[in-house]
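Numbering (the working numbering), first residue to last: 1 to 279. Virtual Cβ for every residue (Gly too), placed ideally from N, Cα, C. Note that the structure is predicted; figures quoted are calculated from it, not measured.
See below:
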């Protein structure tokens, strides 16, 4: 007789609405067979997110569910951006920051703990097919992924209603300089002195690096490697001069710096909401 498969069910907890709804459902409505809850700290979340992490950590521990906070070794996402002089999503590049500072970190933690047959529970809503495709495991992955909200047919409103019914107030989870903020979220960030300061620091470093590394490439005779790329430490493009900024959102057809967003009237921001993500 074949022994039943041993699995370890791990909730990838981002501390936003979706993953908080999953753990609240598990704690107060019906068990989802969660063995561990893991929060990967990229080092630049909003204070409200860290408050939610501590609250859920306490609730999990009271319920006998191990709650773990893990971090990428070596540097935070802010330190990574400042060291390389980049923004989290470079023009023509992939969105790698979430995988680099969250997904990969959680999987490394699971591997270190030698969990057999890990099953990752991911917070994706029932109507977020685009995110579901992005989070599908690669073909060579031995891990399995489950999407409890999709399986239960829970969309955003249902998640928010669940949280509200149990007294939870949860903000959207993201780094304080997430490039995918909407214009309204950018304005909220500007109103937070600490968050605004981080954005200014990242953009200033990116602006200076763009000019310096592009000039270094020109001075070196514009060399290219086998992949048709400039050597390490050089850039083929002056991305800042070509119009790239930290935030992907655009107003009147172009990306704006944090200072330009700050000077934009609120009426213009509201008008930009429908046109903001022109990549």
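| query | result |
| --- | --- |
| Counted within 10 angstroms of its Cβ, other Cβ atoms place residue 41 as buried (16 or more) or exposed | buried |
| Nearest to residue 30 (by Cα), restricted to the options 217, 21, 108 | 21 |
| Sheet register partners of residue 8 (DSSP bridge) | 118 |
| Residue 166 versus 26, 227, 10, residue with shortest Cα-Cα distance | 26 |
| N-terminal and C-terminal residue of the beta strand (DSSP E) that residue 38 is part of | 36 to 40 |
| One or two residues paired with residue 190 in a DSSP bridge | Its beta-bridge partners do not exist; DSSP assigns none. |
| Residue 105 burial status per 10 Å Cβ neighbour count (16 or more: buried) | buried |
| Beta-bridge pairing of residue 68 - partner residues as DSSP gives them | 38 |
| Straight-line Cα distance separating residue 5 from residue 149 | 24 Å |
| Segment contact flag, the stretch 200 to 217 with the stretch 108 to 118, C-beta cutoff 8 Å, min 3 pairs | no |
| Check whether residue 121 and residue 229 have beta carbons under 8 Å apart | no |
| Local Cβ density within 10 Å of residue 245, reported as buried at 16 or more and exposed below that | buried |
| Residue 170 beta carbon less than 8 Å from that of residue 17 | yes |
| The stretch 212 to 224 touching the stretch 62 to 69, judged by at least three CB pairs closer than 8 Å | no |
| Cα-Cα separation, residue 215 to residue 89 | 21 Å |
| Close-in-space but distant-in-sequence residues of the same chain around residue 252 (CB under 6 Å, 5 per side omitted) | none |
| 7 Å Cβ shell around residue 257 - same chain, five flanking residues per side excluded | 203, 245 |
| For residue 144, the three-state DSSP class (helix, strand or coil) | strand |
| Expected contact under 8 Å - CB spacing of residue 49 and residue 173 to nearest Å | 5 Å |
| Residue 187 beta carbon near the ligand GTP (any heavy atom closer than 7 Å) | The model on display carries no ligand, and the ligand GTP is accordingly not part of it. |
| Where residue 165 falls: helix, strand or coil (DSSP) | helix |
| Backbone CA spacing between residue 227 and residue 233 [nearest angstrom] | 15 Å |
| Sub-8 Å separation of residue 241 and residue 247 beta-carbons | no |
| Same chain, Cβ closer than 7 Å to residue 243, five either side skipped, listed in chain order | 254, 255 |
| Residue 255 - DSSP class collapsed to helix/strand/coil | strand |
| Reduced DSSP category for residue 178 - H, G, I as helix; E, B as strand; rest coil | coil |
| Top-ranked residue by Cα proximity to residue 154, from 175, 177, 127 | 127 |
| Spatial distance of residue 284 from residue 145 (CA atoms) | In this structure the chain extends from 1 to 279, so residue 284 is not present and cannot be described. |
| Residue burial classification, residue 277 (beta-carbon count within 10 angstroms, cutoff 16) | Residue placement at residue 277 is poorly supported in this model, since its pLDDT is 38, which falls under 50; the coordinates still yield a value, given next. Looking at its Cβ environment, which holds fewer than 16 other Cβ atoms inside 10 Å, residue 277 is exposed. |
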